[in-house]
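First up is the structure itself, then whatever we jot down about it.
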Amino acid sequence: MTTAFRLASAGRRVRVFEAADVVGGRMTTVREDGFLIDTGAEQIPTTGYPQTWSLLGELGIGREQVPRIGRGIALWRGRARPGVASTRGLLTGAGLSVRARLELLRLLRGRFDLERPEDSTHATVAQACRGDLLDYLCQPVVSGFFGWDASRSAIAPFLALLTSIGPASTWRTYRDGMDTLARALAERVDVTTSAPVERVVDDGSSARIFVRGAELSARSVVLAVPAPVVRRVYPEHGSEFIDACSFSVVVKAHLLLDRPLGRRDYVVVVPTAENGTVATIIFDHLKHPGRAPENRGLVTVMAHPSVAAELLGAPDAEVAARLVDAAERLVPGLRAAVGRVVVRRFRHALPEATPRALALRSGFEAGLGGGAVDYAGDWVYLSPCSEAAVRSGVRAARRLARKEERV
């Protein structure tokens with residue numbers, strides 16, 4: 005929708021077709037019984053997101069609507085150890101040995117570029133790290149935040165993001181739900197929901213779109229969907245990069261509690277060595293008090309990547325039981341406090357950023373804008389963050405505007 009907003013602001017006629025019945029995609033917020041349930045993304049950094057903050061300013065969304073969380077991230081190693089993604093953690097350890105902390109400092113000295121992650125190492129997370137650094141920091145963080153398998157995903161996009169977004173103490177969340185930006189954009193563009201695009205055909209100077217059994221013509225089409233969806237609706241894309249661009253699977257159980265649980269940290273990431281079923285526990289009511297009614301609690305349990313694909317097709321009751329049972333040891337009293345469970349699944353959660361996709365990315369980007377079909381999404385930069393999606397949307401709008409000027 006960023007592309008649509010930019011083009012509409014420039015006087016172009018734009019229509020957006022949204023497959024879901026609400027806008028937001030992987031930043032959708034569900035509102036039930038006084039709870040605000042962020043089903044996908046959970047926070048937004050103060051730094052490292054320039055395009056997002058610029059867009060928010062244009063839409064009149066001030067920082068008072070995106071308050072600082074003011075709490076930290078802990079890592080489970082026998083107990084919750086605070087200090088992940090913080091300067092303090094380098095001093096106290098956050099569950100890491102001294103040797104692992106020194107290895108982390110050496111790793112962070114490299115040069116990493118969010119827009120060109122392929123310019124640095126193509127090694128996977130598991131290849132670039134070892135011992136405690138892998139087992140008790142990098143693996144739990146990439147699995148717990150992105151749904152990545154450390155043996156499949158390249159470390160460069162992760163380190164580029166980590167070094168750009170600042171410490172967790174500066175991170176923020178949208179006061180009224182993580183779908184705030186999407187809803188604001190939808191108010192300013194022509195959006196049709198419950199309208200999944202079935203097929204796109206590039207005719208050279210124009211394109212055809214097949215949606216809801218109808219055929220529509222457009223001068224240009226931007227596919228702002230995950231790469232695997234591009235392969236389905238536009239099989240003639242002709243891009244090795246799109247074929248290589250895979251996505252992680254994420255399954256979450258949002259637990260509506262009859263009482264608030266947790267202490268000071270709003271996130272606990274869980275290493276594979278400690279629990280192979282749960283990757284992350286998020287105390288949403290600690291992230292922002294408006295996420296749950298007074299004297300209630302909201303906790304999100306994210307499945308470990310090794311079980312996510314299995315749970316993707318499992319009944320909600322089975323997903324809830326497995327994740328709650330596995331999380332009970334990490335949050336004593338959790339099972340007894342659960343009133344209701346809302347399960348959410350993302351078949352295409354975030355770009356996996358495999359080494360092969362990384363090697364093909366720059367060639368793909370260089371060819372963008374040449375036809376009637378263009379692309380936007382976090383996968384264009386192989387960066388697992390919403391800023392990459394916004395940035396790609398801005399760039400797609402610029403390419404289309406230049407093309408219109410040449411006609």
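Heads up: the sequence shown runs through residues 5 to 411, numbered per this note's numbering.
Note that CB positions come from ideal geometry on N, CA and C, so glycine has one too.
What you are looking at is a predicted structure, and each value in this text was computed from that prediction instead of being measured.
Secondary structure of residue i, DSSP reduced to three states
i	result
residue 116	coil
residue 86	strand
residue 154	coil
residue 385	coil
residue 140	helix
residue 36	strand
residue 300	coil
residue 324	helix
residue 123	helix
residue 8	helix
residue 472	Since the displayed the chain opens at 5 and closes at 411, residue 472 lies outside it and no answer follows.
residue 77	strand
residue 261	strand
residue 128	strand
residue 255	strand
residue 159	helix
Under 8 Å between C-beta atoms of residue i and residue j
i	j	result
residue 56	residue 394	yes
residue 348	residue 258	yes
residue 146	residue 157	yes
residue 376	residue 207	yes
residue 309	residue 355	no
residue 204	residue 225	yes
residue 143	residue 359	no
residue 175	residue 49	yes
residue 76	residue 173	yes
residue 160	residue 116	yes
residue 45	residue 390	yes
residue 380	residue 396	yes
residue 148	residue 283	yes
residue 307	residue 290	no
residue 249	residue 228	no
residue 341	residue 263	yes
residue 373	residue 333	no
residue 260	residue 37	yes
residue 5	residue 189	yes
residue 114	residue 163	yes
residue 370	residue 245	no
residue 104	residue 137	yes
Buried or exposed (CB count within 10 angstroms, at least 16 for buried), residue i
i	result
residue 51	exposed
residue 106	exposed
residue 184	buried
residue 7	buried
residue 298	exposed
residue 293	exposed
residue 102	exposed
residue 496	There is simply no residue 496 to check, as the chain begins at 5 and stops at 411 in what is shown.
residue 239	exposed
residue 412	Since the first residue of the chain shown is 5 and the last is 411, residue 412 is not available in this structure.
residue 58	exposed
residue 109	exposed
residue 378	buried
residue 112	exposed
residue 236	exposed
residue 200	exposed
residue 18	buried
residue 312	buried
residue 99	buried
residue 405	exposed
residue 134	exposed
residue 295	buried
residue 321	exposed
residue 23	exposed
Contact set for residue i: own chain, Cβ-Cβ below 6 Å, skip 5 residues either direction
i	result
residue 28	183 and 186
residue 272	78, 80, 84 and 285
residue 442	Limits of the chain in this structure are 5 at one end and 411 at the other, which puts residue 442 out of reach.
residue 86	76, 78 and 269
residue 357	157, 158, 161 and 386
Close beta carbons around residue i, own chain, < 7 Å, minus the five adjacent residues each side
i	result
residue 25	197 and 198
residue 210	221, 222, 223 and 376
residue 324	257, 345 and 347
residue 34	41, 43 and 346
residue 353	30, 151, 251, 252, 253 and 254
Sequence-distant residues of the same chain with beta carbon closer than 8 Å to residue i, five excluded per side
i	result
residue 266	287, 289, 290, 301, 303 and 335
residue 121	158, 160, 161, 164, 357, 362, 365, 385, 386 and 387
residue 280	308, 310 and 311
Closer than 8 Å to chain D by CB, residue i
i	result
residue 253	Protein chain content of the structure displayed is limited to a single chain, and chain D is not contained in it.
Unbroken stretches of the beta strand (DSSP E), 3 residues or longer, contained in the stretch 173-250: With a minimum length of 3 residues, the unbroken runs of beta strand (DSSP E) contained wholly in the stretch 173-250 fall at 194-196, 201-206, 211-215, 218-222 and 225-227.
- Query: Can you give, in chain order, each stretch of the beta strand (DSSP E) that sits fully within the stretch 335-400 and has at least 3 residues?
  - Reply: 342-350 and 377-379, all fully within the stretch 335-400.
In chain order, what are the residue ranges of uninterrupted beta strand (DSSP E) at least 3 long that sit wholly in the stretch 270-315?
Here the runs fully enclosed are 271-273, 282-287 and 301-307.
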